[in-house]
Amino acid sequence: MDDRLLLSLTSWPDPDPHTTSLSSLIPRIQSERGPFKNVTEDSLNEEIAAAEKLADQDAPRDEDHVPLPATTDDQPNPRETLALKKQELIKLVEHAQFDAMSALDFVSLLLSSVRPTHAEVSMSRHLKENVATGTLGSDSIRKKDSNQSENADSETISKGWRSESLVQSAGSLLAAASRLAQESEREQMYWEDVLDVKREGWAICRVPREPQSLGVRFGFSEAGADEKYRGLGVLRKGTDGTITMQDVGHGSLNRGSVRVRVSRGGRVTGTSKPFADDTQASGITSMIQNSRNYAFEHELFLEVAREARTLANLGFRNVDEAVTFELGANSAVIIDMISNAEISAPGTASEEDDELAQGLSTALHLLLSHAHRQSLKRRRLPPPLLTQRPTANPPLNLLRPIVSHLRHQANTDEFKTSASKLVAYANSAGLNARLTLEKCYNCLSKDIGNVDEAVDSLTGLLESKSAIYFPGGWKIVVLIQTLLGSSIFGTRFSVHTAHDGSCATLMGTNSFSSQAEVQRYLQWCLERSAINYIAGRITEWEQIAMSNEMTQVGEQTQYKRLRVEVENEHLAVRWTVGGGEDENHRWTGEEGALSLEALVRSI
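This is how it looks when you write it as C-alpha cells:
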C-alpha cells in the first residue's frame, strides 16, 4: 500500500496577482536595482549573460560529487538564516511600498489642482480625509544659461519687483488706514446719533429678527394688542455714517392720516387737514416722531371702525373702508383714511364746514390720547381677580362723546328755534313772554384743574337748561339731556312747570323723547297761560272746565264764546257771537299788531 502512487485531482494554484502587479514590482525593482535612471538595456544584457555563464560553471556533475559538510553547533542553521533574511526582505519591501504610495499621493495631490476628479481616484483614504484637494500646485521653470550680464539683469529685475511690491504694500496699507479712518468716523457718527435718540427719551432695543441691529420703539404701550407691537423701527447706518430709521411695522408705503369730511345734500362741504408730514426733514428725531404720528393715525382709524360696528343701531355704518353717521337732515359725517398722495392733491370741497370737520378731527385725536392716559392709570391699579373667562376689552369711547355733542347741539338749536317762535307769538299779542337758554351748563365748570378733568366732563351726560316765561306767572324749565348710553340712548327733555293759575294740580315734571312732543306741550302751556291772562284781566270771561275755551258770564242778550289756539305758525283766537259764524285773529310774531286784551274787549 505504501508503494502506490498518490495523485491529486485539484487544479494547479493560480499565481498570486499581488506579486505580479505593478504596485508590487516597482518597489521590488527600486530596492534591488536602485533608481531607474541607473538601469540601461546594455547593463541588463551583460547581467543576463554573466548569470548564464555562472550557472553553467556552478552546475553539479556526477563525477564531482562533494559531500556536504556536517553542521556543527558553532555554525548557524540555514533555515534560521533564511527566515531572518526573509524578514529583512519583507521590511525593505514594506518601506519601498510606503515610499511608492507616498510618491503616488504626492503626484495625485499635485494633479488634483488641474484634474481633481481623476486625481482623487488614485489618492489614499488617509490623504482624502486629512488634506483638501487642490492645495498643492506647480509651475514650470526654464533654466537659462547664467552669465554675468544676465545675473545683473536678474538682480535689477528682482529689486524692481521687490520695490514695486513694497510700493503696492504701502499703498494697500495707506488705503486700509484711510478706510479704517472713514469707518471709524461713520461708527462715531452712528453711535452719536444713537445716543441722541436715547437722550430724547426713546427706548432703544434689539430687533427680534435681526439681533445684530438696534431698534427704537416709538409705539404706544397703552395701545391695543394689535398696535402696540407695530411701533418698532430699525436704526440703519447710512453710507455717510448718518443714522436712518426703517419702520418695520407700517412701512413707508402704507402710511395714511385720518380724514373727516362733512357732507350736506350729497356734496362735501368741509374737509379736515391732516397733520404736518415731516418726511423730508433731516434728523433721526423727526423720522421717529413722524412714524409715531402715522402709528397714532392708524390706531385711531381702527378704534373708530371698531366702535362704529357696536353702534350700528344708532345709525353708524362701515361702508367702503369709511365710517359714516348722520349729522342731521340730509347731512352726514364721513371718516376714512387718506394716503400721502391724496393728501398732497389739491382739495375740491368748499370751505363752508371746514372748521366743523377740523374740530371733529381734533376731538378724535384728543379722545384717543385721553383713552391712552386712562389705560395707563388702570395698569397702575391692582389687577382684577382671575376668572375662568377672560374679560373682553370694550371698544374705546371715541365716537359717542362727539356724536352726543353734535346731536345735543342740533336738538338744542331746534328747541330754541321753536320755543323762540312761541315767545314771539306771545309778545306780538301783547303778552309778556321771554326765553333763557344755558347750553351745556354742566360742562362749563371753572374748577377744572387739568386736561383729564376737562375731557371727563365732556364725555359724560350733556345737559342744557332753558327757562320759558309765559304770562299768568307760568314758568317752564326744560332740561335737554343727551347721552348715547344706557338709560337714554339719545336726547331726553325733562320739563318742570309751575304757575299760580287754577291748573296747578295738572303741573309737575314731564319727560319727553322727541321735539314734537315737547313743542306740543309748550303750545298747550301757552294756550293755558293766555286763558289765565284773559281771566285775570277781564272778569266777564271765565274758563270752561280747565280747557282752552272761555265764555262770557253775566246778563248778556247774546251768547259769546272764544277759543285760544297755538300752532307752529301762529297764535290764534277764534270766537263766535250768538251762535253765528266763527271769526278769528292770528299773531305770527309781527310787531305793532292788535293785542290780545284789546281784541277780547272788543268782542
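Numbering of the sequence shown is given in numbering that gives the first Met the number 0, commencing with residue 0 and proceeding in unit increments. The C-beta atom is built at its ideal place from N, Cα and C for all residues, glycine as well.
Residue i and residue j look like a contact to me (Cβ under 8 Å); what is the Cβ gap, rounded to whole Å?
| i | j | result |
| --- | --- | --- |
| residue 257 | residue 363 | 7 Å |
| residue 421 | residue 442 | Not confirmed; about 27 Å, so no contact. |
| residue 574 | residue 533 | Actually they are not in contact, since the Cβ atoms of residue 574 and residue 533 sit about 11 Å apart, beyond 8 Å. |
| residue 375 | residue 221 | 5 Å |
| residue 327 | residue 409 | 5 Å |
| residue 417 | residue 434 | Incorrect: roughly 11 Å between the Cβ atoms, too far for contact. |
| residue 109 | residue 135 | 5 Å |
| residue 270 | residue 353 | 6 Å |
| residue 218 | residue 230 | 2 Å |
| residue 598 | residue 576 | Actually they do not touch by this definition, with Cβ atoms about 13 Å apart. |
| residue 259 | residue 332 | 7 Å |
| residue 30 | residue 95 | 5 Å |
| residue 32 | residue 92 | Their Cβ separation, rounded to whole angstroms, is 14 Å, which puts residue 32 and residue 92 out of contact at 8 Å. |
Which first and last residues belong to the alpha helix (DSSP H) in which residue i is found?
| i | result |
| --- | --- |
| residue 454 | 450-458 |
| residue 523 | 514-536 |
| residue 89 | 77-110 |
| residue 393 | It is not in any alpha helix (DSSP H) - residue 393 carries neither H nor E in the DSSP assignment. |
| residue 115 | 115-118 |
| residue 616 | Lying outside 0 to 602, the shown extent of the chain, residue 616 is not represented and no answer is given. |
| residue 509 | Run containing residue 509: none in the alpha helix (DSSP H); it sits in the beta strand (DSSP E), 508-511. |
| residue 303 | 283-309 |
| residue 596 | 595-601 |
| residue 362 | 353-379 |
| residue 589 | From DSSP, residue 589 is part of no alpha helix (DSSP H); its letter is neither H nor E. |
| residue 127 | 124-129 |
| residue 425 | 398-427 |
Per the DSSP calculation, residue i is bridged to which residue(s)?
| i | result |
| --- | --- |
| residue 468 | 433 and 474 |
| residue 327 | 330 |
| residue 188 | None, per the DSSP bridge assignment. |
| residue 336 | 257 |
| residue 562 | 548 and 573 |
| residue 317 | 322 |
| residue 491 | 480 |
| residue 202 | 216 |
| residue 497 | 474 |
| residue 542 | 549 |
| residue 262 | 267 and 331 |
| residue 582 | 574 |
How many Å lie between residue i and residue j at the Cα?
| i | j | result |
| --- | --- | --- |
| residue 405 | residue 287 | 35 Å |
| residue 113 | residue 133 | 8 Å |
| residue 197 | residue 307 | 39 Å |
| residue 227 | residue 297 | Reliability of the predicted coordinates at residue 227 is poor, the pLDDT of 49 falling under 50, and the value obtained from them is presented with this limitation in mind. Answer to the nearest angstrom: the Cα atoms are 11 Å apart. |
| residue 490 | residue 204 | 50 Å |
| residue 210 | residue 178 | 26 Å |
| residue 192 | residue 478 | 59 Å |
| residue 311 | residue 323 | 10 Å |
| residue 366 | residue 195 | 31 Å |
| residue 180 | residue 171 | 14 Å |
| residue 268 | residue 300 | 22 Å |
| residue 492 | residue 538 | 36 Å |
| residue 100 | residue 34 | 16 Å |
| residue 465 | residue 254 | 47 Å |
| residue 55 | residue 22 | 34 Å |
| residue 188 | residue 283 | 12 Å |
| residue 488 | residue 393 | 18 Å |
| residue 401 | residue 303 | 12 Å |
| residue 524 | residue 351 | 39 Å |
| residue 551 | residue 431 | 24 Å |
| residue 355 | residue 261 | 8 Å |
| residue 591 | residue 337 | 57 Å |
| residue 570 | residue 497 | 22 Å |
| residue 24 | residue 128 | 28 Å |
What span of residues does the beta strand (DSSP E) with residue i cover, start to end?
| i | result |
| --- | --- |
| residue 246 | 242-246 |
| residue 234 | 231-236 |
| residue 213 | 209-216 |
| residue 270 | 266-270 |
Going by the C-beta, is residue i closer than 7 Å to any heavy atom of the ligand ADP?
| i | result |
| --- | --- |
| residue 199 | With respect to the ligand ADP, the structure offers nothing, as it holds no ligand at all. |
- Query: Are the region 231-247 and the region 203-214 touching, with three or more C-beta to C-beta distances below 8 Å?
  - Reply: Put simply, the region 231-247 touches the region 203-214. At least three CB pairs are less than 8 Å apart.
- Stretch pair the region 306-326 + the region 230-241: three plus CB contacts closer than 8 Å: Taking one beta carbon from each stretch, the region 306-326 and the region 230-241 have fewer than 3 pairs nearer than 8 Å; the two do not touch.
- Message: Measuring CB atoms only, is the region 518-535 touching the region 468-482, in the sense that at least three cross pairs come out at less than 8 Å?
- Response: Flag = yes, the region 518-535 and the region 468-482 touch.
- Three CB pairs or more closer than 8 Å across the region 460-467 and the region 479-493: A contact exists between the region 460-467 and the region 479-493.
- Meets three-Cβ-pair contact criterion under 8 Å: the region 562-569 and the region 533-550: Contact holds: three or more Cβ-Cβ distances are below 8 Å.
- Query: Below 8 Å, can you find three or more Cβ-Cβ pairs linking the region 90-106 to the region 115-130?
  - Reply: Short answer: they touch.
- contact_flag[the region 580-595, the region 425-432] where n(CB pairs < 8 Å) is 3 or more: Touching, yes.
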